[in-house]
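In the numbering used here, the protein residues as written are 18 to 93. All C-beta atoms, glycine included, are put in the ideal place defined by N, C-alpha and C.
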């Protein structure tokens, strides 16, 4: 079987997506709003009920500025 080099998937601003996966199979992932420094003000939910969370840091490239973060599938 031929092999292929993994190709990174980038957002509309040519930055890589952030991906958080449920590795312990409990159906939850950590809330990415609380994983940044500083955490998003007002974020209280510690976990999200999903197996995979994918997001872009938006046009400023900073995942901590949640106002411009985007889910995959957006257009520039």
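*Check whether the Cβ atoms of residue 83 and residue 57 sit closer than 7 Å, and answer yes or no.*
yes
_Among the candidates 44, 33 and 63, whose CA atom is the shortest distance from the CA of residue 72?_
33
*Residue range of the beta strand (DSSP E) that residue 26 falls in?*
Taken as a continuous stretch (DSSP letters only), residue 26 belongs to no beta strand (DSSP E), as it is neither H nor E.
_Cβ-Cβ separation, residue 70 to residue 26 (assumed contact under 8 Å), whole Å_ = So it is not a contact: roughly 15 Å between Cβ atoms.
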